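*Asks:*
Protein chains: 2
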Amino acid sequence: MNKKIVLTGDRPSGCLHVGHYIGSLKNRLMLQDTHEEYIMIADMQVLTDNFEHPEMLEKNILNVALDYLAVGLDPKKCTILIQSQIPELCELTLYYLNLVTWNRLKHNPTVKAEIKQKGFGENVSAGFMIYPVSQAADITAFKAHLVPVGEDQLPILEQTVEVVRKFNRTYNTDVLIEPQAMISNCSRLVGIDGKNKMSKSLNNAIYLSDSLDEVRAKVMKMYTDPNHLRVEDPGKVEGNPVFIYLDAFDEDKKRVSELKEQYQKGGLGDVVVKKHLLSVLEVFLEPIRNRRRIFEKDPASVLSILKEGSIKARQKVTLTLDEVRRAMHLKSHF
Amino acid sequence: MNKKIVLTGDRPSGCLHVGHYIGSLKNRLMLQDTHEEYIMIADMQVLTDNFEHPEMLEKNILNVALDYLAVGLDPKKCTILIQSQIPELCELTLYYLNLVTWNRLKHNPTVKAEIKQKGFGENVSAGFMIYPVSQAADITAFKAHLVPVGEDQLPILEQTVEVVRKFNRTYNTDVLIEPQAMISNCSRLVGIDGKNKMSKSLNNAIYLSDSLDEVRAKVMKMYTDPNHLRVEDPGKVEGNPVFIYLDAFDEDKKRVSELKEQYQKGGLGDVVVKKHLLSVLEVFLEPIRNRRRIFEKDPASVLSILKEGSIKARQKVTLTLDEVRRAMHLKSHF
């Protein structure tokens, strides 16, 4: 039986952190064994709200690719590609824009929330407003059955489903596939500040590429329970990032629950539990860091992985575009 | 010295009429001798408000190409191309959409007027709203210095100039060329109804491909001066399409002014002057009709002209896109 197709990816806006690992990379590692998995480094999408700084893309693309390879995504099992290397996606986007009303774009809840969050106001670019249609092109171009998304991204996927239905109905075809959301069952990992989800812009992230010293410094200044002042005081584990991280990374669940019990009762100091967390994180991060170092020494091999993946992906997308053009009664390209 | 570059073209929505000849084709015939002229059959643009009927495009593209060749546009002197055969234009469009605010698009006067005229209201497609940016891609891709436009199309060209300036400023480059408008000094030819400009949708057009019988029937039912009831009555020549067409097509200006004088004084019947107009139109239309017939018999040769033109155009556009990507620090396509 053919494997189901999954499309997933990241905007290359910096290095990936342990929040990315828990929220998506971990899932992708499983999917590469069971699905036909395409992982897109979405550089065109970065430009929709960062068009002034395209010069950062090259470095960021390499860093994201290094993180992928470091965690164990295997180019023999999945296809890693660079979005801007597949110009056929642009043509698909323009066809789909004719199927979507201007008004509908204005009312996409995800886009509205992001405009507010990013403070774009009246100056939002047309490129940003249409990015859900560009994502519809990405998803349908690969004929993805499944798209891993967070809850907040569901409206983007709904928009894709609308495009698929309108296209297939209008052109009396079944060329495009309706994708399904694969909603992550782990909520996004909180940052070391304990307040917000882990994010580059909030400076509260532990990166997959952080050195031992960096990880140690971040763990040691990690927010805990502000009322847990003395070792003998009882402490709270709910909302306490140290324990949230232990839940996420410590394989020894029994030990975690013993530590929680002791912390809640009193008698377990923050420094002790943080040292334990550091050792747990190191068990996870050290092999990643080591694999990353090997690839870092040979950037040409990383670029060649990206090139091969992009070429393979482009072949797949070109087939879809040909089908799309045929369904629309447009002549093939000369 | 290098010739200046001109980009012009038509939406392939049907056959071209004598109004197109006076308004643009005549000018293009001159430009093919003096300029590097690209003539775009803008099929992607038709889809922005006609996405349900792409199946009409193939026939319409052929008809427009036949009209071009019939009036004497010469593929040895100009480049005739099909827009959808140049997918690089889509990629340029997506880059430019990041440089234009959503708000700016909403306030383009040409687009606003067209939305009203076409009755799109709230259902206007996103593709239609962004078509000025798509035209900016068309114009800049060919590095056009000059774009022949009607007055009503000036806001579209202004939008292009804005994109050029913002691109060159943002990426600190001079890759894109600011185009200038070449405003037609002949107003649009009125239709045979004498009320509106000649247009397919108003059923008031004489087509370049009309047979002698069709032209005769249209001339004979042409609107004249409604108060010119008897031959001996004085008639009006202002706003009288018969005389407007004589002004446009009769080479013998002396004869036209004699006829006008006689008509205004009284004693020149509508039928007589219409018969004269018919003979004048036939001097113009017969060779066009004959050339069209020759090409109609050999559609493969027309397609091969379109193919060669599109391939040549695509090479030029690809060079521009490469420069654009370099200016943006994006890697070349693998």
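Protein sequence lines, in the order shown, are assigned to chains F and P. For the first sequence, this note's numbering gives the first residue as 1, with consecutive numbering after it. For the second sequence, this note's numbering gives the first residue as 335, with consecutive numbering after it. For each residue, glycine too, the CB sits at the ideal point set by N, CA and C. Predicted model only: the values in this text are computed from it and were never measured.
#1: Between which residues of its own chain and Glu323 (chain F) is the CB-CB distance below 6 Å, once the five residues before and five after are set aside?
#2: Judging by CA-CA distance, which residue of F:Leu277, F:Leu69, F:Val133 is the nearest neighbour of Leu212 (chain F)?
#3: Closest to His20 (chain F) by CA distance: which of F:Thr110, F:Pro148, F:Asp33 is it?
#4: In the DSSP assignment, the alpha helix (DSSP H) including Ile449 (chain P) goes from what residue to what residue?
#5: Measure the beta-carbon distance from Ile373 (chain P) to Thr342 (chain P) and round it to whole angstroms, keeping in mind my assumption that it falls under 8 Å.
#6: First and last residue of the alpha helix (DSSP H) that includes Pro241 (chain F)?
#7: Determine, using beta carbons only, whether Ala70 (chain F) comes closer than 8 Å to chain P.
#8: Compute the beta-carbon to beta-carbon distance between Val302 (chain F) and Leu189 (chain F), rounded to the nearest angstrom, for a pair I have assumed lies under 8 Å.
#9: Return helix, strand or coil for Cys412 (chain P), following the three-state DSSP convention.
#10: Among P:Phe577, P:Leu480, P:Ser638, which one has its Cα closest to the Cα of Ile339 (chain P)?
#11: With a threshold of 8 Å between beta carbons, is Glu55 (chain F) in contact with chain P?
#12: Note down, in chain order, each residue of its chain lying with its Cβ closer than 8 Å to the Cβ of Asp233 (chain F), except the 5 sequence neighbours on either side.
#13: With a threshold of 8 Å on Cβ separation, who are the neighbours of Asp152 (chain F) within its own chain once the five nearest residues in sequence on each side are excluded?
#14: Could you tell me which residues DSSP puts in a beta bridge with Thr435 (chain P)?
#15: By alpha-carbon positions, which one of F:Lys116, F:Ala141, F:Leu105, F:Ile156 ends up nearest to Lys312 (chain F)?
#16: Using the three-state DSSP reduction, which class does Glu512 (chain P) fall into: helix, strand or coil?
#17: As an exercise, report each continuous beta strand (DSSP E) stretch of at least 3 residues that is fully enclosed by the stretch 230-297 of chain F, in chain order.
#18: Take every Cβ of the stretch 287-299 of chain F, pair it with every Cβ of the stretch 56-72 of chain F, and state whether three or more of those distances are shorter than 8 Å.
#19: In this structure, does DSSP put His17 (chain F) in helix, strand or coil?
#20: Are there 16 or more other CB atoms within 10 angstroms of the CB of Gln366 (chain P), so buried, or fewer, so exposed?
#21: Specify the secondary structure class of Ile311 (chain F) as computed by DSSP and reduced to three states.
#22: Please report the distance separating the alpha-carbon of Leu268 (chain F) from that of Lys274 (chain F).
#23: If the cut is a Cβ gap below 7 Å, which residues of chain F does Glu386 (chain P) touch?
#24: In angstroms, rounded to a whole number, what distance separates the CA positions of Ser591 (chain P) and Ser533 (chain P)?
#25: Determine, using beta carbons only, whether Val163 (chain F) and Val100 (chain F) come nearer to each other than 8 Å.
#26: If you count every other CB in all the chains shown that lies within 10 Å of the CB of Gln117 (chain F), and 16 or more means buried, which is it?
#27: For the alpha helix (DSSP H) that contains Met378 (chain P), what are its first and last residues?
#28: Starting from the beta carbon of Ile130 (chain F), find every residue of chain P whose beta carbon is closer than 7 Å, and list them in chain order.
#29: Name the chain F residues whose beta carbon is nearer than 8 Å to that of Pro633 (chain P)?
#30: Measure the alpha-carbon distance for Leu729 (chain P) versus Ser347 (chain P) and round it to whole angstroms.
#31: Who are the neighbours of Pro409 (chain P) on chain F, taking C-beta pairs under 9 Å?
#32: In chain order, what residues of the same chain have a beta carbon less than 7 Å from the beta carbon of Glu55 (chain F), not counting five sequence neighbours either side?
#33: Confirm, please, whether the CB-CB distance from Ala470 (chain P) to Leu105 (chain F) is below 8 Å.
#34: Quick one: list the residues of chain F neighbouring Phe629 (chain P), beta-carbon separation under 9 Å, in chain order.
#35: Where does the unbroken alpha helix (DSSP H) through Pro155 (chain F) begin, and where does it stop?
#36: Should Met364 (chain P) be labelled buried (16 or more other beta-carbon atoms within 10 Å of its own) or exposed?
*Replies:* This is what the structure holds:
#1: Val175
#2: F:Leu277
#3: F:Pro148
#4: 443-452
#5: 6 Å
#6: 241-249
#7: no
#8: Their Cβ separation, rounded to whole angstroms, is 26 Å, which puts Val302 (chain F) and Leu189 (chain F) out of contact at 8 Å.
#9: strand
#10: P:Leu480
#11: yes
#12: Asn227, Gly266
#13: Thr110, Ala113
#14: F:Ser125
#15: F:Ala141
#16: coil
#17: none
#18: yes
#19: strand
#20: buried
#21: helix
#22: 10 Å
#23: Thr170
#24: 28 Å
#25: yes
#26: exposed
#27: 377-381
#28: Leu431, Ala460
#29: Within chain F, no residue comes near Pro633 (chain P); the closest Cβ sits about 13 Å away, beyond 8 Å.
#30: Because residue 729 (chain P) is not part of the residues shown, which for chain P are 335 to 668, the question remains open.
#31: Neighbours of Pro409 (chain P) on chain F: none; closest Cβ ~15 Å, over 9 Å.
#32: none
#33: no
#34: Simply none; closest approach about 19 Å.
#35: 154-170
#36: exposed
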